[in-house]
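A short worksheet on the structure shown next.
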Amino acid sequence: MRDQISDLLEDIARHSAPGAGVTRLPFTAEHQAALVTIRHWMETAGLEVRLDAAGTLIGRREGPPGAPVLLFGSHQDSVRNGGRFDGIMGVLLPILALQDLQHEELPFAVEVLAFADEEGVRFPTALVGPRALAGRLDPDCLDLQDRDGVTIREAMTGFGLKPQDISGLDRRNSAIIGYVETHIEQGPVLQDRGHPIGLVTSIAGIERHQVTLQGQSGHAGTVPMHLRRDALAGAAEMIVAVEGFAASAGDVIATTGRISVTPNMVNVIPGDISMSLEIRSADDDARRQAATTIMTTFKAIAAKRDLSLSAERTYAQPAQPCDVTLKERLASAAEVISGDVPMLPSGATHDASAMAELCPMAMLFVRCRDGVSHQPDEFAAEADMQVARRTLSRLIRDLAADHHRH
Ligand SMILES: [Zn+2]
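Per the working numbering, the sequence shown starts with residue 1, numbered consecutively.
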């Protein structure tokens, strides 16, 4: 296999629906084609390859009888018009790391997992593969449909899978050393600190709220300013308050990413607003406290402007800290390869979030240009990816040495 990681990623990026960048949704022809390429990578590295019932392609290097397994992986899918690195790079790098160790003996088995669906673009759920391994999959979710009315179950069956066998994937009773995921950072922190790789401390928890505001619409020419109940002006004050609060809080980030205005006309005072509020933090208490504080502020703004406010929490997912021991092993491997490595939380969810329910989890971030992701110009440098590859090889060697010592 050629040694240039960028070339290999460019090869597999061809397996995309038409349009700019990479569009590779789960259980599509593009997914099928990508699996042929990943299978080839895995076989070249000497791995045994199989596809599990949830569509996770698994490359395994066998260990001694009864030995535990060390897991690596990430996802094969992309967002619509996404980049060449998000997900797939975390599948390729551990395969290359294992290729580098092909002639060394290891006291455990190693698997690389290429999950089908992390982005959740096609179906209104995601992480079916890792949740199945963790025994955390509600089988009812297989009835969720894509926008053409195709259920996950039907898509899987059409892909040649047997979704009825998913319950058998539960690995809670098997010996697993841990799961390590490598991913582009999707943020600008490593670039800012001038470092090729970073260690994830924790995957942030998320909560989302749907907020509605009701005022009074009216003619933009005839209603004097002091008699208005402008819902959009109230929302604007709230959005700025959220930004100011999160900027000063330090341990939370908060965003209003979506807003709809009714009637949304140039000469009518906006009467109704519906908007999102999303709060993320590596600290669940800080996140909950932030939500309480923000809602108190919203109530005060609504009262002052005589707007009626309602807010409902529509989604919550707790933070997922990385395993302290595995993170330290990964950190010491990273330090050998690239010196003092920054630690940072992950603001984005990953397959690792679900895998943490199964076994010790750690994550390695690779610097990406300007923090850009989910876009065609997403970019990670060859040299940075090579540092990550060598870090993974080093980690496997270090864990093997630990194993021999015990
Ligand atoms: Zn990803």
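The beta-carbon is built from N, C-alpha and C at its ideal position, and this holds for glycine as well.
At the level of alpha carbons, what is the spacing between residue i and residue j?
i	j	result
residue 64	residue 110	11 Å
residue 206	residue 148	29 Å
residue 318	residue 210	18 Å
residue 355	residue 282	17 Å
residue 390	residue 337	7 Å
residue 200	residue 343	6 Å
residue 395	residue 383	18 Å
residue 375	residue 226	45 Å
residue 125	residue 146	10 Å
residue 237	residue 127	36 Å
residue 288	residue 258	21 Å
residue 121	residue 404	44 Å
residue 202	residue 322	5 Å
residue 11	residue 168	34 Å
residue 217	residue 298	20 Å
residue 165	residue 153	11 Å
May I ask you to report which of helix, strand or coil DSSP gives residue i?
i	result
residue 100	helix
residue 263	coil
residue 138	coil
residue 405	helix
residue 272	strand
residue 321	strand
residue 415	With the chain covering only 1 through 406, there is no way to say anything about residue 415.
residue 183	strand
residue 15	coil
residue 280	strand
residue 302	helix
residue 129	helix
residue 9	helix
residue 111	strand
residue 169	helix
residue 310	strand
residue 78	coil
residue 163	helix
residue 123	coil
residue 335	helix
residue 145	strand
residue 358	coil
residue 20	coil
What whole-angstrom Cβ distance do residue i and residue j have, given they're in contact under 8 Å?
i	j	result
residue 329	residue 399	6 Å
residue 231	residue 245	Going by Cβ atoms, the distance from residue 231 to residue 245 rounds to 21 Å, so no, they are not a contact pair.
Does any CB atom of chain C fall closer than 7 Å to the CB of residue i?
i	result
residue 367	The displayed structure is made up of one protein chain only, and chain C is not part of it.
Exercise for the section: Report all residues for which the CB-ligand distance to some heavy atom of ligand 1 is below 5 Å; order them along the chain. Expected result: 86 and 87
Handout entry: Complete runs of the beta strand (DSSP E) confined to the region 178-232 [at least 3 residues]
Key = 197-203 and 205-214
Practice task
Taking only runs that begin and end inside the region 25-62, name each unbroken beta strand (DSSP E) of 3 or more residues, in chain order.
Solution key: Within the region 25-62, the beta strand (DSSP E) runs of at least 3 residues that lie entirely inside it are, in chain order, 48-51 and 57-61.
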